[in-house]
Structures are given as C-alpha cells and as structure tokens.
Amino acid sequence: MTLLEVFLIALVVCIILYTFVLSRSPKNLPPGPKPLPVVGNLLDFPSGRQVYKDFLKYREKYGNVVRLVLGPFQNIILVFGHRAIHKALIEQGKDFKFRPTSLYVIKKLFYGKGITFGNGDAHHKLRKFTLVALRDFGVGKKSLEERIQDEAHILADEFESYGGQPRDIRKTLQRAVANIIAGIIYGTRLDYGDPEFIRLIQNIDTIFSITSANLPENFFPFLAHLPNSKARKVFDAFDDMSRFARRRIKDHRKTFDKDNIRDFVDLYLQAEEHEDEEAVNEENMFRVIVDLFNAGTDTTSTTLAWAILYLMTNPDVQDQCHKEIIENIGSGRAVSLSDKEQLQYLDATIKETLRLACIAPLTPPHTVLEDTQFEGYTIPKESTILFHLNSVLTDPNIWETPEQFRPERFLTEEGKKKEKEFFIPFSTGPRSCLGKHLATMELFLFLGNLLQRFTLKIPPGCQTPSVERVHTGITCQPHPYLVCVVPN
Numbered sequence: 001m002t003l004l005e006v007f008l009i010a011l012v013v014c015i016i017l018y019t020f021v022l023s024r025s026p027k028n029l030p031p032g033p034k035p036l037p038v039v040g041n042l043l044d045f046p047s048g049r050q051v052y053k054d055f056l057k058y059r060e061k062y063g064n065v066v067r068l069v070l071g072p073f074q075n076i077i078l079v080f081g082h083r084a085i086h087k088a089l090i091e092q093g094k095d096f097k098f099r100p101t102s103l104y105v106i107k108k109l110f111y112g113k114g115i116t117f118g119n120g121d122a123h124h125k126l127r128k129f130t131l132v133a134l135r136d137f138g139v140g141k142k143s144l145e146e147r148i149q150d151e152a153h154i155l156a157d158e159f160e161s162y163g164g165q166p167r168d169i170r171k172t173l174q175r176a177v178a179n180i181i182a183g184i185i186y187g188t189r190l191d192y193g194d195p196e197f198i199r200l201i202q203n204i205d206t207i208f209s210i211t212s213a214n215l216p217e218n219f220f221p222f223l224a225h226l227p228n229s230k231a232r233k234v235f236d237a238f239d240d241m242s243r244f245a246r247r248r249i250k251d252h253r254k255t256f257d258k259d260n261i262r263d264f265v266d267l268y269l270q271a272e273e274h275e276d277e278e279a280v281n282e283e284n285m286f287r288v289i290v291d292l293f294n295a296g297t298d299t300t301s302t303t304l305a306w307a308i309l310y311l312m313t314n315p316d317v318q319d320q321c322h323k324e325i326i327e328n329i330g331s332g333r334a335v336s337l338s339d340k341e342q343l344q345y346l347d348a349t350i351k352e353t354l355r356l357a358c359i360a361p362l363t364p365p366h367t368v369l370e371d372t373q374f375e376g377y378t379i380p381k382e383s384t385i386l387f388h389l390n391s392v393l394t395d396p397n398i399w400e401t402p403e404q405f406r407p408e409r410f411l412t413e414e415g416k417k418k419e420k421e422f423f424i425p426f427s428t429g430p431r432s433c434l435g436k437h438l439a440t441m442e443l444f445l446f447l448g449n450l451l452q453r454f455t456l457k458i459p460p461g462c463q464t465p466s467v468e469r470v471h472t473g474i475t476c477q478p479h480p481y482l483v484c485v486v487p488n
C-alpha cells in the first residue's frame with residue numbers, strides 16, 4: 001500500500017468519524033465560524049503575533065461565548081467579558097474548574113498530574129499543600145521576604161556593574177526571579193552564569209514561547225514525530241527540566257533530616273510519610289517543581305520587564321515612585337513589605353502594570369466533564385475553554401482610557417488604595433493563580449529597591465521603545481528594548 005493510499009484511507013476515516021461526531025453533538029451550541037471537515041477551524045485560528053487581539057474579532061461578530069472546532073473533533077470555547085467570566089469561574093466554578101486531558105501536548109507532558117493540569121481529589125490536596133507551603137514559607141534559615149530582599153540586592157549590584165550603559169535586561173530579570181523559586185524549592189540560589197541555570201531559563205523560554213492551545217500537534221498527534229515539530233521542542237525542554245528536578249530530589253533524599261527542614265523539597269519528603277500517597281509522591285513532586293519554575297519564572301520576570309518599560313517611557317510616573325520611596329523610606333535601608341501601606345503609588349503602579357501588560361491574556365485551558373448549560377448555550381463535555389482576561393482588563397466600559405498607563409486609577413483622590421472589582425490579572429475562581437501572593441511580593445520588593453537606587457532611562461539617540469504586546473505563546477512579551485539603569 002502506497003503512502004498516498006494510506007493518506008486517502010485516513011482522510012476518509014476522519015470524514016466518517018467527523019460526520020458521526022457532528023450528528024451526536026448537543027444542540028444549541030455557542031455561535032462561531034463554520035468548521036471545515038477534518039481540520040475544523042484550524043485555518044481560522046489566529047497564528048500571528050497578537051493572538052489575544054485576533055480573538056476579539058470573534059467577540060465582535062458572535063458575542064461573549066464563541067465556539068471553534070480544531071481538528072476533526074476538539075471544541076474550543078472562548079469566553080469574553082467580566083460578567084460571563086465571573087459567572088463561569090465563580091458562580092459555576094464547580095463545573096468549569098477542571099483541566100482538559102484531551103489535548104495531546106498537555107496529556108503527553110502532564111498525564112493529569114502536578115498543579116497546573118491535575119484534576120480531582122489528589123490535585124485538590126496537592127494544591128492545598130503547595131499553597132500553604134508558599135504562603136507560610138518560613139522553613140530553613142531564611143524567610144521568603146529575606147530571600148527576595150537578598151536577590152533584589154544582587155540584581156541591583158548586577159545593574160550597577162553595567163555602568164549606566166544600554167542593556168537588554170530581560171535575561172537578567174529571568175535569572176533573578178528563577179533564583180527565588182530555586183531558593184524556595186532547593187534552599188539555594190544559582191549563579192547567573194551557571195551553564196545549567198542558563199539552560200533551565202532557555203527551557204522555560206521554549207515552553208512559554210511555543211505552547212498554545214492551537215498547536216497543530218494537539219489535534220494531529222502524528223505531527224509531533226516530524227523533524228521540525230514545535231511540540232517536540234517543548235517535550236525536549238520539559239524532559240530536560242524534569243531530569244534536573246529529579247537529580248535535585250535524589251540529592252535531597254540522601255541528606256534529608258526530618259528535624260531540619262530546609263526547603264520545599266524537604267517539606268514534600270516529610271509530607272510523603274503522612275499525606276495521601278496518591279497526591280504526595282515523587283511523580284507529583286517533580287511535576288510541581290517544574291510547574292513552579294515555569295509559571296513562577298516567566299510570568300513574574302515578564303511583568304518586571306513590562307514595568308521597567310512603562311516606567312522608562314513614563315518618567316513622570318517613575319519620578320513619583322522614586323519621590324514616594326525617598327520621602328517615606330529614605331535611602332539608608334532597603335524597601336520591605338512592611339512599607340507597603342506607605343508606598344501606595346508604587347503599589348498602584350504595579351497594579352497598573354499587571355492590568356495593562358496583561359501578560360496572561362488567556363487563562364490556562366479549562367474544561368467541563370459533562371455537557372453544561374451556560375449563558376443560554378450548551379458547552380459540550382471535554383471542550384477546551386479559554387477565558388479572555390484581556391477583554392476585562394482593557395474593557396473601555398470598565399476602565400477609562402484603558403490603553404493608557406495611569407496608576408492613579410487605583411488610587412482615591414486622597415492617594416489611598418482603591419479596590420477594583422474587575423482587576424483579575426491572576427484569573428479568579430478555584431483555579432486562579434497559585435503564586436499570586438509570591439508574585440506580588442516579588443514585584444513590590446524588586447521594583448521598590450530598584451527605584452530607590454536607580455533611574456531607568458531610554459538610551460541616548462534611541463527612539464521611544466514600543467509598548468505593543470507580542471502574544472504568540474502563553475504570555476504577552478514586550479518587543480526587545482534597551483534601557484540605561486543609572487545609579488541615583
């Protein structure tokens with residue numbers, strides 16, 4: 001049988017299966033573009049540099065709940081707007097809290113384990129254990145705040161060594177943030193120039209720049225075996241990170257002392273003796289470690305990169321932050337978490353960065369386990385559901401001049417903190433970001449201590465850098481830019 005004959009037979013089988021599945025689909029599905037046989041809406045799916053923005057075109061045409069079909073069978077549901085997102089993730093959170101296992105790349109990487117893509121009772125226990133460990137982290141010799149303070153000081157010294165010359169600082173920011181995760185998990189930091197550390201950062205870059213719901217390999221798994229498969233690059237990066245984690249766990253087992261808990265791995269090893277074996281085991285442990293390194297490094301370092309870009313291009317905001325720090329804290333000691341109430345403008349600047357940059361414009365995929373009624377439509381079971389957070393964070397009906405960087409929107413006229421109901425950069429509901437507490441600590445301490453010591457300037461002779469978002473993978477990245485970090 002020739003290759004062409006095999007292909008034609010496979011095509012006929014797909015068409016038959018597609019017709020069968022279509023005939024059994026629930027009625028009253030959400031609206032969306034008409035899918036083609038076999039490929040579905042794969043040709044309609046955005047593939048440019050602003051995927052989140054391209055999705056908004058579907059909202060304009062079809063409303064706040066849109067259905068696409070990728071490949072022959074996979075339903076993709078897009079949900080827009082605060083009301084619909086709140087209804088799904090809060091009011092119907094018990095229905096929408098699950099992660100899909102039908103997407104090939106996700107299934108291959110996670111096998112339903114870990115924090116990000118786990119489900120069920122074991123996941124609930126694992127998430128609770130990890131959340132408590134991160135929130136109450138005080139094991140070992142240093143508190144979490146002390147670790148961030150130390151790394152912020154090292155980062156500031158690194159910037160000072162640049163001598164005010166133009167630099168692309170994004171890799172340095174990644175290493176600083178990754179070291180916070182390393183300190184929590186392994187009880188130690190890694191040198192910025194360590195080849196193994198550099199490779200770890202490269203692997204995180206690969207995973208975050210490539211992975212997306214519309215990878216063709218998710219719907220046509222055989223493509224993952226082709227030489228230039230993007231999914232293969234993700235698998236290789238994930239495997240390399242997993243080997244690194246397993247080696248570290250093995251080393252910890254050799255030196256583990258239940259009376260001297262040093263870090264997260266030790267906490268986990270201690271819990272293995274008491275907790276549910278299905279939730280707390282080595283298979284889950286290394287996946288939790290990889291989850292924390294991936295999510296904890298890229299998102300926070302990208303937010304820092306956006307904050308520096310916004311401050312550099314809005315010198316009046318930067319001046320106000322610096323003035324507030326000097327007037328309330330001075331320059332004789334480092335900024336600490338206890339200073340947060342005195343640094344309301346800095347806090348508002350961080351919130352405005354999270355809002356406007358919207359580094360994760362789409363939530364990680366959700367799913368429903370049964371056909372589910374929502375907003376007058378039937379959401380088919382095992383659909384992949386993406387919630388469009390950017391449609392909330394830059395909604396002109398919620399935020400005045402939403403594309404402007406204006407920290408004052410988070411302050412009262414008296415300069416006090418103003419809570420915003422629609423501020424959901426970390427998502428909401430049962431699967432909201434596990435690391436929100438850690439991320440906000442890092443952003444406050446890193447930026448507070450940098451702005452205390454430095455002024456961020458556009459390099460002489462350079463044009464004002466673009467603040468356009470680039471969204472091709474998981475997060476929205478800024479275009480590459482140079483900055484002069486000038487000591488005060």
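Note that UniProt numbering numbers the sequence shown so that position 300 is 300, with each residue one more than the last. Ideal placement from N, C-alpha and C gives every residue a C-beta, glycine not left out. All of these numbers come straight from a predicted model, not from anything done at the bench.
- Rounded to the nearest whole angstrom, the CA to CA distance from H123 to I115 is 7 angstroms.
- Under DSSP, F387 shares a beta bridge with V79.
- Under the three-state reduction of DSSP output, I115 falls in the coil class, being neither helix nor strand.
- The continuous beta strand (DSSP E) containing C476 extends over residues C476 to P478.
- Assignment of T455 by DSSP, reduced to helix, strand and coil, places it in the strand class.
- In this structure, the beta-carbon distance from L337 to M441 falls below 8 angstroms.
- Here the C-alpha atom of C484 lies approximately 29 angstroms from the C-alpha atom of L411.
- In the three-state reduction of the DSSP assignment, Q373 falls in the strand class.
- Pairwise C-beta distances place the stretch 240-247 out of contact with the stretch 57-74, as fewer than three of them are shorter than 8 angstroms.
- Scanning its chain for C-beta atoms nearer than 8 angstroms, with the 5 sequence neighbours on each side dropped, one finds around L389 the residues I85, C358, A360, P361, L362, T363, I424, P425 and S427, in chain order.
- DSSP places F98 in the strand class (E or B) of the three-state scheme.
- Put simply, the backbone Cα of N119 is about 39 angstroms away from that of N449.
- When the five nearest sequence neighbours on each side are left out, the beta carbons in the same chain lying within less than 7 angstroms of the beta carbon of T464 are those of T313 and I458, in order along the chain.
- In the structure shown, the three-state DSSP call for I379 is strand.
- In terms of CA proximity to P46, G473 leads the group L482, G473, Y481 and P480.
- Per the coordinates, the alpha-carbon of P365 lies some 7 angstroms from the alpha-carbon of P100.
- In this chain, R406 is not harboured by any beta strand (DSSP E), its DSSP state being neither H nor E.
- The beta-bridge partner set that DSSP reports for H471 consists of Q50 and C476.
- For V317, the uninterrupted alpha helix (DSSP H) segment begins and ends at P315 to N328.
- Per DSSP, the continuous alpha helix (DSSP H) segment holding P195 begins and ends at P195 to I210.
- DSSP lists T455 as the beta-bridge partner residues of V486.
- Annotation: R67 is outside any alpha helix (DSSP H); the continuous beta strand (DSSP E) that includes it extends over V65 to L70.
- Within the same chain, Cβ atoms closer than 7 angstroms to the Cβ of R355 are found at L393, F423 and P425, the five residues on either side in sequence being excluded.
- Sequence-distant Cβ neighbours of P35 in its own chain, meaning closer than 6 angstroms and more than five residues away, are N41 and V69.
- In the three-state DSSP reduction, R246 falls in the helix class (H, G or I).
- In this structure, T297 places its C-beta atom within 8 angstroms of the C-beta atom of I181.
- Nearest Cα to P487 within the set S331, P380, G376 and G435: S331.
- In summary, V65 is buried, with 16 or more beta-carbon neighbours lying within 10 Å of its beta-carbon over all protein chains present.
- DSSP, read as helix, strand or coil, puts K27 in coil.
- No Cβ-Cβ contact shorter than 8 angstroms links D157 with T372.
- Taking a cut-off of 8 angstroms on C-beta distances, the stretch 198-215 touches the stretch 229-237, as three or more cross pairs fall below it.
- K416 is not a Cβ neighbour of Q320, given a cutoff of 8 angstroms.
- The C-beta of G163 has fewer than 16 other C-beta atoms within 10 Å across all chains shown, which makes the residue exposed.
- Counted as a single uninterrupted DSSP element, the alpha helix (DSSP H) harbouring V132 occupies residues G120 to R135.
- Apart from the 5 residues on each side of it in sequence, Q342 sits with its Cβ closer than 6 angstroms to the Cβ of N328 in its chain, given in chain order.
- Across the structure, T302 and P478 are spaced so that their CA atoms are roughly 8 angstroms apart.
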